[in-house]
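Shown next as structure tokens:
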């Protein structure tokens, strides 16, 4: 985890104190369930709750672990220091460490997903606001980096909205998938613990019981979770790439907000660099790098091996923390993006009408010209614009063969920008609904 | 695509003939919609259907493409050779090549998903059958490759069933996600084509209209699709790894079916190698390798760049074809897996009762022994089994300190295998439902 | 392997006929060595060479394999059909299939590396030629997509040359690493075959004996090989990205060569899209996708498992064939790239002198102005250029505070482009040497 | 970076204090060179060295950066606080931030490589020692997890030695590749700084000047560096996998050293889990996950974009720190691995002589039996061992058809283990040399 790309709420989820708190709750709820089932005395279960408001001493637990070399035993020993070893004797009974560890990891991932969902909501709101604001701001659409046909800046924001909305759905699904817990014992048979303990703990902690676990919760769930984060990261890169392109000197249709104090470059004061979106591009690579190890974690040996653990100690905090930061940063970028509609128009007209060639081609075809002839006619006039800087409309008007097929009005009509924006409302209704 | 890991139905989806057939249907349906909207003459739309039963000549289209260097134009030229260039003049009107290409790709992915879903159904049926068959076949559960507690072979199959069932759900979602089409023109504005054409074509072809496209359908959809295939592949590796472990000489709890003619190794006739599951392990790596490029494909420049295309020409057929093959192969392996219950029992008893130590530990604690003392008592008897080959139960019975806490009956009861299988029905009901 | 991204020489390496030919040579040389050692009769070794000019019948071998389910046995059976089963009886004696398969794979990779090295030579020649041609063609250097300071097109080509030259060295190293063979028997102990057989075969086939093998040649060698291909692919993406940027409409400093017959887009005849470099970007992703599975192939079980095999059946031909194609395509692109020096100058002057701000800043500092003051002075004049379209030099000349530090001549000198190109020769000498 | 998988020396390389120290040295050496060239006053260059023994105040620099939003400016401001702003005015003159940042990163990577090389030396020593110790410890070699032919534990260690020795060479090469520095200005033209400054700084810091840089050092160097770490990580996984297999209950040919205090599992005291090698398997995945983002970092826009930076802030410390830890952990595991030669022999004899079938097959062929007949004879006796638990040698001795080809002595000789170890010395000489 890179501290400069981290925000406190997400970081808190992965702190030892949070982990121990969740461990405690699992153990306490499990004791409750066992007491209800008559497996352990009610009094002992109640006693565990004495530690309800304790902030566990992470340093002390580490100290014990240095001796026992086992984290859960260290925690249980420390818990006993709080509630008394007599009262503590039934804690964790019939359970295996992974019951606690795996259920905890999933709770952390669920909480992380909740933050990420809120992040996405913030980003969606920003994208929607900017989409509405620039619904009719015309700019040139580009394929292959080459001018194609006019579109609007609002459509650009709207498609990022739609993409991030899909990501929100995906993350909801991933959150649902990961929201399971397991208290099923050493190999998942419930040999030493009643399945109803699992049901009770899961219910209390907002999880579903894992239908069938081994010593661990199956890692295909986690693989899907991180794969989903990887897709979201790739969408962040998609938006970042668009903005980086818009800000490049020759395009300059938009700029990241540039605060007064910011020096840009140590030597070139005029440079306003899209450093936030470049940074997001890199963060996307980082988040994405968690996908492959998560996939490699699925195939564990028999009822479990612990190879997944070190991987998850890395990718679980890293991917969620960096993605949280990236979504928040992107939201700020989108929210404050400085947009230059005049430059958009100037860019659109750079090749004096040439972007309308598709319409002219179509008009010629519709007027009865063969596809091949229409292509030839458009091409020959287009080349004059391209090579000699002529105006496309004027060339067409002066081309007798074109004029034999199309009237002056018909030609002029082809250069109306409104033609290209007439379905923007339809598309917006598809994306944002109608209300 | 590696021919030896390919099956004809999936291969057929990716053949040029299939592609051209879908292109044709898109164009023909688009003409219908345009005729309905009065954009083109009805007669021309009808004329396109004259080619309904034509098998397009792939070689001829390639020949034309060699000249035009444009695949869709080549196809349209060839189509005109069938229906006449006069009748063909309105075909593709207002559309852009990607309208056809991207909609086609999604149709192919949807069809591929349908085959994969059927594959998963087959695998699920095999896993369920074997789970039921071996519901009560006791074997030792292992964590870290080390004997832990008894479980059953049926539970092993059942957890693979549950995992593959989750994969089925994921693939359903991925299929739904990818089932969109776009007929929206050069930059997605519908400038030259009515959105109702897109709606008609999609409806006819079993797709939903892409709410907002650019020149292309957004690639986050495809990224999610391939990420899902990557998770399924990882689950295949998971099952394959289990079987490879079971077949290794020292374990030998199961073997891949060994046909009579198979020679195994050129020099060691007695060797029965788990080559199918080893092969599946490799295929899983191959399928998984499509995930990262699919994620890298999401960030296209502006309204599109074509960098994704060469990637998809590789990964779309490769990942679906190899996954189809792998699922079918795995189904065969599961279906015919030779299982040795006697060896399972022999392995379970390898360390003469030691696997019951968890139960004894628990019993001691419940009988009032402190956690630390119980641990010490179990450990000292366990060590005699481990180091001197003693019988764990006999040692416990002879240990006075143990006997002070537990009676002979109580100790004997700890070695009852039924104790470990008592919740198998509960777990099976969770996985397979109750009927 | 995607046929359209394949060239015949590289494809030939991976054809069954080539493989069988190499198998034959390994077996024949091994027989020679065994005869020299007196292990088999000289006559039998000689007899094997009777098949020296035979083109093995791939279909026949496949037919036999369908029965034996073992490829090497199938080949040996077929070989016996040529030289007679009596003479063939000592062929492969004491060897294991992997002796043949692994040595063959390495020979194929060595041959593939030789083609790729030749490809790199071609690319280096093209890069060098274009570097020399445009050594002094001034263009603006950009960081963050933003104009920074002048550089030359020749330097751009020179740095790609230097990068590809490093790649050539890396590939030489990778080729050396992979040029080993193993004829060491079932677990690498030479139990049934003398190490001198391995030495002889390797010497005849241009390989070094693998110092210690198991049943297979260790896969870290292959991992390094594919990782190297991945780095080369990434460099291809680097060059492709530069060209795609140069060709985008607003920049237009260069264009991929556009042949007469090429139609560009089905609807926009004026569009010249950088489709080759976009394609190369995608191919880079594809080649790179072989790296992770190659790394996953390293950890085989004990003396071998066969999981690597299916992976290599995919990535070995795919990565080498696509990389060969990509290098050749890139060479063509570089060779024929249409460069527009006038546009380069026009772009450089887009912000009327602003790109010289770094020099002015430095001059002010050297003239005794504090870093902070110099920064402020440059910034305030730069903003007028940026926001009001003023000319930077004129603003500086009119700024009294600036003029207090710098004379007119001193200011004018800062706008001399020669200042920025004065070390081009030095850099070229570093890259290309001095001759 | 995961603290529990980190060691202090490697961590120190990546601490801010180290980074600032290197920045300082670069700036100070650059001032020296500039003074030598007469570009800045000698006195100012000398003054910079006044801070030679200063420990820079990281918190203070962070404080300044919070205002300037530029790390290098923040450092320079802080440096001026130490040496006086008057004396500091020529520091960094003509340089760009990346001159400092990129040269520093490479110095850090070189230092990291030096630690890793030392780690590898330690590992190689341990592997060699264990190889010598167990040169003649016979165990069964396995392919596909199935018993094949005898080998020795020494050969296993020796092949890991050879693999890690190759990795050492690769890392040397990677270290050499990354040992470059660049002080070449905003776009690499040396416009504002003499190339001799770069040469001086590099010489003083043990680097080579980057022959041609842009604003940054080309990222193919870093890609190759991380790819090399990825290969080393995969080799770690290879060794870890072997040990995990050896420790599994049914094999038990070796165990990770088990310290007295270690509790193993909270509930199963007898379990000695190969947790260190499982952990190494996971760490290998983590280290490997840096390869793809490093490859994605190669294609920067024009003379640089900063997308690589956030990636490197993650992968540079993470991959080197975790790999350092993993190599050290693996060295400890190898060094203290508890090996059970008796179990090795017992395992080898599990199928009563069957592992000698290859030899028998060969002997029959050499005695004149046809390949097909020999195969049949071996197979029929092998099956009796396999299915009925017979002794292979006894069956052969009793098989008349076998006896027609081989005498009693000849058959007995086939079961001599020395036959399989006769070339161990030869292989050891290849791996370790002869001295």
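Protein chains in written order, with our numbering: chain A, 1 to 435; chain B, 436 to 870; chain C, 871 to 1305; chain D, 1306 to 1740.
Cβ coordinates follow ideal geometry from the N, Cα and C atoms, glycine included.
Residue range of the beta strand (DSSP E) that includes residue i
| i | result |
| --- | --- |
| residue 1021/C | 1016-1022 |
| residue 1010/C | 1008-1013 |
6 angstroms CB neighbourhood of residue i in its chain, flanking five on each side removed
| i | result |
| --- | --- |
| residue 1518/D | 1487, 1489 and 1493 |
| residue 1361/D | 1325 |
| residue 1600/D | 1528 |
Residue-level contact to chain D via CB, residue i, 8 angstroms cutoff
| i | result |
| --- | --- |
| residue 924/C | no |
| residue 121/A | no |
| residue 682/B | yes |
| residue 24/A | no |
| residue 1043/C | yes |
| residue 370/A | no |
Neighbourhood of residue i by C-beta distance below 8 angstroms, restricted to the same chain and skipping five residues each side
| i | result |
| --- | --- |
| residue 265/A | Confidence at residue 265/A is low in this model, with a pLDDT of 43, below 50, so its placement is unreliable and no value can be given for it. |
Close beta carbons around residue i, own chain, < 7 angstroms, minus the five adjacent residues each side
| i | result |
| --- | --- |
| residue 439/A | Chain A is shown from 1 up to 435; residue 439/A falls before or after that span and cannot be answered. |
| residue 1629/D | 1312, 1315, 1420, 1421 and 1424 |
| residue 566/B | 589, 592, 593 and 596 |
| residue 149/A | 141, 355, 358 and 420 |
| residue 415/A | 353, 356 and 393 |
CB contact check: residue i to chain G, cutoff 8 angstroms
| i | result |
| --- | --- |
| residue 580/B | Note that chain G does not occur in the displayed structure, where the protein chains are A, B, C and D. |
Residue i, enclosing alpha helix (DSSP H) - first and last residue
| i | result |
| --- | --- |
| residue 307/A | 307-336 |
| residue 1604/D | Here residue 1604/D belongs to no alpha helix (DSSP H), and DSSP marks it neither H nor E. |
| residue 654/B | Premise fails: residue 654/B is in no alpha helix (DSSP H) and is neither H nor E. |
| residue 420/A | 418-421 |
| residue 1694/D | From DSSP, residue 1694/D is part of no alpha helix (DSSP H); its letter is neither H nor E. |
| residue 859/B | 859-867 |
CB contact check: residue i to chain A, cutoff 8 angstroms
| i | result |
| --- | --- |
| residue 1316/D | no |
Min CB distance residue i to chain B below 8 angstroms
| i | result |
| --- | --- |
| residue 1546/D | no |
| residue 1181/C | yes |
Evaluate the contact criterion for the stretch 833-845 of chain B versus the stretch 764-777 of chain B: three or more CB pairs, one atom per stretch, below 8 angstroms.
-> No contact exists between the stretch 833-845 of chain B and the stretch 764-777 of chain B.
Alpha helix (DSSP H) runs wholly inside the stretch 343-381 of chain A, at least 4 long, in chain order = Within the stretch 343-381 of chain A, the complete alpha helix (DSSP H) runs of at least 4 residues are 357-366.
Sequence ranges, alpha helix (DSSP H) only - wholly within the stretch 1450-1510 of chain D, length at least 4 = Fully enclosed alpha helix (DSSP H) runs of 4 or longer: 1458-1483 and 1500-1509.
May I have a chain-ordered list of the alpha helix (DSSP H) segments no shorter than 4 residues that lie completely inside the stretch 1309-1374 of chain D?
-> Qualifying alpha helix (DSSP H) stretches, in chain order: 1313-1318, 1321-1341, 1347-1353 and 1363-1373.
Count the CB pairs spanning the stretch 1288-1305 of chain C and the stretch 1591-1604 of chain D that are closer than 8 angstroms, and state whether there are at least three.
-> Result no; under three Cβ-Cβ pairs closer than 8 angstroms.
Sequence ranges, alpha helix (DSSP H) only - wholly within the stretch 517-542 of chain B, length at least 4 = Segments of the alpha helix (DSSP H) lying fully in the stretch 517-542 of chain B: 520-523.
Evaluate contact between the stretch 471-491 of chain B and the stretch 627-635 of chain B, counting only Cβ atoms and requiring at least three cross-stretch pairs below 8 angstroms.
-> With a cut-off of 8 angstroms, the stretch 627-635 of chain B and the stretch 471-491 of chain B count as touching, because enough Cβ pairs lie within range.
Contact between the stretch 1598-1617 of chain D and the stretch 1437-1445 of chain D: three or more CB pairs below 8 angstroms?
-> Two segments are said to touch when three or more pairs of C-beta atoms, one from each, lie closer than 8 angstroms; by this definition the stretch 1598-1617 of chain D does not touch the stretch 1437-1445 of chain D.
Inter-stretch contact (C-beta, 8 angstroms, three-pair minimum) for the stretch 1469-1482 of chain D and the stretch 1534-1541 of chain D | Yes: the two stretches touch, three or more of their Cβ pairs being nearer than 8 angstroms.
Pick out the complete beta strand (DSSP E) segments inside the stretch 266-294 of chain A, 3 residues or longer, and give them in chain order.
-> List check, beta strand (DSSP E) in window: nothing returned.
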